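Undergrad: I have a structure here, written as structure tokens, and I will follow up with some questions on it.
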Amino acid sequence: MLWRSVVGKLWITIILLVAVILITLGMFLLQYVDIAFANSQHEIKALFIYTGVIGFLLTTFFAFFLITKITQPLMQLKKAADLISQGEYRTRVPIRSSDEIGELANTFNHMGSELETLIKDLNHEKDHLSSVLRSMADAVITFDASGNVILTNPQGQKIMEQWSNLDWSEEAGSHKTFGEVPEPLYELYRTVLREGRDLSAKVHVHDGVWSIVMAPLKSNESVRGSVAVMRNVTEEVKLEKLRKDFVANVSHEIRTPLSMLQGYSEALLDDIAASPEERKELVQVIHDESLRMGRLVKDLLDLARMEAGHIEMSFHQVELNELIRRVHRKFQVYAKERGIVLRYDLPETPLIVEAADEDRLEQVLTNLLDNAFRHTPGEAGIFISASLTLKNGTSYIEVRIKDEGQGIPREDLPYIFERFYKADKARTRASAGGTGLGLAIVKNIIESHRGIIDVESQIGVGTTFRLLLPVEAK
1 MLWRSVVGKL
11 WITIILLVAV
21 ILITLGMFLL
31 QYVDIAFANS
41 QHEIKALFIY
51 TGVIGFLLTT
61 FFAFFLITKI
71 TQPLMQLKKA
81 ADLISQGEYR
91 TRVPIRSSDE
101 IGELANTFNH
111 MGSELETLIK
121 DLNHEKDHLS
131 SVLRSMADAV
141 ITFDASGNVI
151 LTNPQGQKIM
161 EQWSNLDWSE
171 EAGSHKTFGE
181 VPEPLYELYR
191 TVLREGRDLS
201 AKVHVHDGVW
211 SIVMAPLKSN
221 ESVRGSVAVM
231 RNVTEEVKLE
241 KLRKDFVANV
251 SHEIRTPLSM
261 LQGYSEALLD
271 DIAASPEERK
281 ELVQVIHDES
291 LRMGRLVKDL
301 LDLARMEAGH
311 IEMSFHQVEL
321 NELIRRVHRK
331 FQVYAKERGI
341 VLRYDLPETP
351 LIVEAADEDR
361 LEQVLTNLLD
371 NAFRHTPGEA
381 GIFISASLTL
391 KNGTSYIEVR
401 IKDEGQGIPR
411 EDLPYIFERF
421 YKADKARTRA
431 SAGGTGLGLA
441 IVKNIIESHR
451 GIIDVESQIG
461 VGTTFRLLLP
471 VEAK
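Next comes the structure, spelled out in structure tokens:
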């Protein structure tokens, strides 16, 4: 057992070395014991020289032996440790001895194996976390206590780059910054670090709205940073506003005719109208308001069916030239009464849509012309034109309805196809006529034909609605 330890090897080596030297000296000196040394100085010098050379050779032999058994394994361990420190976790020490160095090598190899497994697990978890962050639609940004970004996903990086190019002095009264924390996150970030709890808020950045949830990063009960999860909720906020406006407008649009029906019917019941003419006038108002409420309900139901995809359409070949002439004739008398010039410009060649619902297209033109007449003063003009055009390699028939009316404010253009949206807030539905659903119905009908509708307008100049209907059926 003593030979299996490094210390034992050292002691045994020293003992053997001393014993060999003593035995060697004894063997050389034994023959001179009974000899008088007075005349033998030369022999004694030679004896010491032989003995020294032999001792040197034996010492060198045992030194190489110690290097092989102790120093070289230790150098291998050091080299393996250097490789592991450089990331070579598969490195192992090829030592098979049973002494302390062998046990150290076995322990080192086991440690290397455990470290390799741990690093693999950590890399796997890191890759998994990175994959989750990359696949998230939300932006994730992590800040340290100094406000520096320590981790982000592609969406978060994109937002940081976009926000870094914004002029925050125009966005807010005072520009606050801390490290790399953007201006919209500053107050939330400072509060999270100070209070150490989760916070959420909605912030407005130029024309967008962002929902932000920020949580503290804790280590040993101390806050060392924060992580922010951000989502662009601009569309959700707009839809919520439109929903509230829709409910309010529906309530208003239905309440107005109901109030008039109730008021005038009570007047008839109480015999307030003294003459037959007055009673007839009250009855006529009741009749008109009931028809108006019926149109409103019908348009609401039609729009709901269109949006749900339940509306039935009869698609067949339609010639737009004749359809436009027919609609023009329908509005010609009304145009003369209003003093409005109504003209159309059509090519000589027929404009044919291979698959369309003629009745629905007539409804589109009727709604757009009705809308144009309501907002065009007398002595002005309304023009209808149609032509064949090409867009992205697809043939379309382009129909334009242009009026010389009051125009639509630029900020209202994105919303005019929403239900009950009023570009002119000062105008009431009663004074303007209509149900407030015409443009929403027009948009749904055009989209059901795989077409496109857009609008151009300028205050005081007029408005142009442009329809693109695909020629070929798919």
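So for the sequence shown, full-length UniProt numbering puts the first residue at 1; every next one is plus one. Built from N, CA and C at the ideal position, the CB exists for glycine as well. Nothing here was measured: the structure is a model prediction, and the numbers come from that model.
1) Only counting the same chain, and skipping five residues up and downstream in sequence, which positions put a Cβ closer than 6 Å to that of K79?
2) Identify, in the order they occur along the chain, each residue of the same chain with its Cβ nearer than 8 Å to the Cβ of Y189, setting aside the five sequence neighbours on each side.
3) Quick one, are the C-beta atoms of V318 and E358 less than 8 Å apart?
4) Less than 8 Å separating the beta-carbons of P350 and N321?
5) How far does the beta strand (DSSP E) with P414 in it reach, from first residue to last?
6) Take I397 and list the residues in its own chain whose beta-carbon comes closer than 7 Å to its own, dropping the five residues that flank it on each side.
7) Can you tell which of L296, F465, G407, A440 has the C-alpha that lies nearest to the C-alpha of V399?
8) Let me know the alpha helix (DSSP H) ranges lying completely inside the region 272 to 349, each 4 residues or longer, listed in chain order.
9) Give me, in chain order, the residues of the same chain whose beta-carbon lies closer than 7 Å to that of I286; leave out the 5 immediate sequence neighbours on both sides.
10) On the CB-based measure, 16 or more other CB atoms within 10 Å of its CB, does I453 come out buried or exposed?
11) Are the region 114 to 125 and the region 72 to 89 touching, with three or more C-beta to C-beta distances below 8 Å?
12) Assign S251 to one of three DSSP states: helix, strand, or coil.
13) Since W210 sits in a beta bridge, which residues does DSSP pair it with?
14) For R466, which of helix, strand or coil comes out of DSSP?
15) Quick one: any contact between the region 399 to 414 and the region 444 to 463, if contact means 3 or more CB pairs under 8 Å?
16) Taking a contact to mean a Cβ-Cβ separation below 8 Å, would you say W210 touches K202 in this structure?
17) Note down, in chain order, each residue of its chain lying with its Cβ closer than 7 Å to the Cβ of N232, except the 5 sequence neighbours on either side.
18) List the DSSP bridge partners of S385.
19) Going by beta carbon distance, what residues of the same chain come within less than 7 Å of L199, once the five residues before and after it are set aside?
20) Is DSSP giving E472 helix, strand or coil here?
21) Got a sec? Which residues, its chain only, sit under 8 Å from D288 by beta carbon, not counting five neighbours each side?
22) So, are the CB atoms of R338 and F315 less than 8 Å apart?
TA: With the structure as the only source:
1) none
2) Excluding its 5 nearest sequence neighbours in each direction, Y189 has C-beta neighbours in its own chain below 8 Å: F143, G147, F178, V181, M214, S226, A228, listed in chain order.
3) yes
4) yes
5) Per DSSP, P414 belongs to no beta strand (DSSP E) and is neither H nor E.
6) L320, L351, V353, A386, L388, L469, V471
7) F465
8) As far as the region 272 to 349 is concerned, its whole alpha helix (DSSP H) runs of at least 4 residues are 276 to 308, 320 to 338.
9) Once the five neighbours on either side are set aside, the close Cβ partners of I286 are L261, Y264, S265.
10) buried
11) The region 114 to 125 makes contact with the region 72 to 89; the number of CB pairs closer than 8 Å reaches 3 or more.
12) Looking at S251 - three-state DSSP - the assignment turns out to be helix.
13) V203, N232
14) strand
15) yes
16) yes
17) G208, W210
18) D345, R400
19) L188, T191, V192, M214
20) coil
21) none
22) No; because the gap between Cβ atoms is not below 8 Å, this pair is not in contact.
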